[in-house]
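K.L.:
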Amino acid sequence: MITEAVPNNARWCEAMCRAHGRPGTFGPRAWTNARRTPLYYPDAVTLTADASVRDVLDGIDRSAPGASVKDSFARLDLSAEGFSLLFEARWIHRPAGLPLPAAAEARWRAVRTPAELADWATAWSGGDADEAALFRAELLADPETTVVAGYGADGRIVGGAVLSESGRVTGVSNLFAADGTDPAEAWAGSLTLVRDGRAVVGYEAGDDLPPALSVGFEETGPLRVWLDA
3 MITEAVPNNA RWCEAMCRAH GRPGTFGPRA WTNARRTPLY YPDAVTLTAD ASVRDVLDGI
63 DRSAPGASVK DSFARLDLSA EGFSLLFEAR WIHRPAGLPL PAAAEARWRA VRTPAELADW
123 ATAWSGGDAD EAALFRAELL ADPETTVVAG YGADGRIVGG AVLSESGRVT GVSNLFAADG
183 TDPAEAWAGS LTLVRDGRAV VGYEAGDDLP PALSVGFEET GPLRVWLDA
C-alpha cells in the first residue's frame, strides 16, 4: 500500500507548508517546495519509484545548508550531491475494517480551537516553544487534517496524533505519548478517531515501530530521508 501512503504523506507535508504560508508544488514524480519548509518537514518528497535526482533537487532551495529530501521508495543516492542519509524508516499500513484494539483509558477527541491546539503542541514538543510553533491555527481549517488528543482523568493531554485523509486512506503522523503513557495506547486511542473504518497508513522507525505493529499495522516498504549538509 505504499502507493497510497506516499501521496497521503506528501499531502500532509503540503498542508503543514500551507499553514506556514509556503505551499509547494506537486509534479508528476515529486512534490517540491521552492521555499525552505518548516522545521522537520522535507523540501521534496518523491511520489513515484522512478523519480530522479533532478526531479527533487531542481525544485528546492539549496542556498543554505539544511534542505531535506524524503525518498519515499528508497531508490535515490544523493550522496554525490552533498547530501547525507539522515534516517531510514518503514512505511506501515493497517487494513480497512480491521477491529479496533482495546480502548485506551484516556478520552480521545479532535482538537477544535487554537487554544486546544497550543496545548496539544506543547505536549507534543515536551514544552519546546520553537517546536510547538510548528502547529499553527490554520491547520484547524484544513478539511483533510484532524489533530487528535487523548485526555487523562485530570484533563491533561497524555497523547496525540495528526490524522490526514486522502483518497481511501487516513494517514497518522506526529503520534506521541506523554506522562508515561504506553505508545500502543496512543495508537489505539488515535485509531478510534479514524472515520468509517478506513485503511490507515504512515511510517515509523526504530523503537517507534513495534507499538504500531502491536495494534495491527504491517510493514510495507522502506523510505529514506536525506539531508543537505
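The working numbering numbers the first residue of the sequence shown as 3 and each following residue consecutively. Every residue, glycine too, gets a C-beta built ideally from N, C-alpha and C.
Please state if the CB of Trp-228 and the CB of Ser-70 are separated by a distance shorter than 8 Å.
P.N.:
yes
K.L.:
Kindly indicate the opening and closing residues of the alpha helix (DSSP H) around Pro-213.
P.N.:
211–215
K.L.:
If you reduce the DSSP assignment to three classes, tell me which class Val-113 lands in.
P.N.:
In this structure, Val-113 counts as coil in the three-state DSSP scheme.
K.L.:
Give the range of the alpha helix (DSSP H) segment to which Pro-145 is assigned.
P.N.:
Counting along the chain, Pro-145 falls outside any alpha helix (DSSP H), and DSSP gives it neither H nor E.
K.L.:
In this structure, how does DSSP classify Ala-91 when only helix, strand and coil are distinguished?
P.N.:
strand
K.L.:
Quick check on Ala-135: does DSSP put it in helix, strand or coil?
P.N.:
Of the three classes helix, strand and coil, the one that applies to Ala-135 here is coil, per DSSP.
K.L.:
Determine the contact status of Thr-183 and Trp-110, defining contact as a CB-CB distance below 8 Å.
P.N.:
no
K.L.:
Given this structure, state the Cα-to-Cα distance separating Arg-77 from Asn-176, to the nearest angstrom.
P.N.:
25 Å
K.L.:
Between which residues of its own chain and Leu-141 is the CB-CB distance below 6 Å, once the five residues before and five after are set aside?
P.N.:
Ala-21 and Thr-147
K.L.:
With DSSP as the reference, label Ser-175 as helix, strand or coil.
P.N.:
strand
K.L.:
Please classify Phe-89 as buried or exposed, where buried requires at least 16 other C-beta atoms within 10 Å of its C-beta.
P.N.:
exposed
K.L.:
Starting from Ile-4, follow the beta strand (DSSP E) in both directions and report where the run begins and ends.
P.N.:
Careful: Ile-4 lies outside any beta strand (DSSP E), inside the alpha helix (DSSP H) at 4–21.
K.L.:
Which one or two residues does DSSP pair with Pro-224 in a beta bridge?
P.N.:
Arg-92
K.L.:
Looking at the secondary structure, which residues open and close the alpha helix (DSSP H) in which Leu-49 lies?
P.N.:
Boundaries cannot be given for Leu-49, as no alpha helix (DSSP H) includes it and DSSP labels it neither H nor E.
K.L.:
How would you label Glu-220, buried or exposed, when you count the other beta carbons within 10 angstroms and need 16 or more for buried?
P.N.:
exposed
K.L.:
Beta-carbon separation of Leu-49 and Pro-9 under 8 Å?
P.N.:
yes
K.L.:
Where does Leu-165 sit, in a helix, a strand or coil, going by DSSP?
P.N.:
strand
K.L.:
In chain order, what residues of the same chain have a beta carbon less than 6 Å from the beta carbon of Gly-1, not counting five sequence neighbours either side?
P.N.:
It is not possible to answer for residue 1, since the shown part of the chain is limited to 3 through 231.
K.L.:
Helix, strand or coil for Leu-100? Go by DSSP, reduced to three states.
P.N.:
coil
K.L.:
Would the segment 185–201 and the segment 157–170 be scored as touching if the rule is three or more Cβ pairs under 8 Å?
P.N.:
yes
K.L.:
Going by DSSP, what residue range makes up the beta strand (DSSP E) through Ala-32?
P.N.:
32–34
K.L.:
Kindly indicate which three-state DSSP category Ala-201 falls into: helix, strand or coil?
P.N.:
strand
K.L.:
Leaving out the 5 sequence neighbours to the left and right, which residues in its chain are closer than 8 Å to Ala-232 when beta-carbon positions are compared?
P.N.:
This structure does not reach residue 232, given that the chain is present from 3 up to 231, and the question cannot be answered.
K.L.:
Pairs of beta-carbons, one from the segment 84–98 and one from the segment 204–215, closer than 8 Å: are there three or more?
P.N.:
yes
K.L.:
Classify Arg-56: buried if its beta carbon has 16 or more other beta carbons within 10 angstroms, exposed otherwise.
P.N.:
exposed
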